[in-house]
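Residue numbering for the sequence shown is 1 to 74, as defined by the UniProt record's numbering. Don't be surprised by glycine CBs; every beta carbon is placed ideally from N, CA and C. Note that the coordinates shown come from a computational prediction; the quantities given were computed from them, not determined experimentally. The next block holds one structure in the form of structure tokens; read it before the comments.
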Amino acid sequence: VLKYCEHLHGKWYFSEIRAIFSRRYLLQNVAIEMFLASRTSIFFAFPDQATVKKVIKALPRVGVGIKYGIPQSR
Numbered sequence: 001v002l003k004y005c006e007h008l009h010g011k012w013y014f015s016e017i018r019a020i021f022s023r024r025y026l027l028q029n030v031a032i033e034m035f036l037a038s039r040t041s042i043f044f045a046f047p048d049q050a051t052v053k054k055v056i057k058a059l060p061r062v063g064v065g066i067k068y069g070i071p072q073s074r
């Protein structure tokens with residue numbers, strides 16, 4: 001989905017993701033925030049909402065919600 005991410009340091013496993021929430025960045029709905037089992041969060045901002053939907057579909061279906069057409073599963 002993404003070709004290159006600048007200033008991204010660290011590694012997170014899909015199994016660590018506990019919840020994913022949509023967020024606003026610069027007054028646009030083009031960001032997501034992921035909450036991990038280690039009680040940390042990671043904020044990603046994307047160029048457009050289409051990219052956000054592609055990323056959401058590539059992530060595990062844990063706590064995503066119905067906003068992106070993906071039912072919650074736990």
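Item	Value
Paired residues, beta bridge with residue 41 - DSSP	35
Short Cβ contact (8 angstroms threshold) for residue 32 with residue 62	no
Whole-angstrom distance between residue 34 and residue 23, CA atom to CA atom	10 angstroms
Spatial distance of residue 46 from residue 37 (CA atoms)	24 angstroms
Reduced DSSP secondary structure (H/G/I, E/B, other) of residue 14	helix
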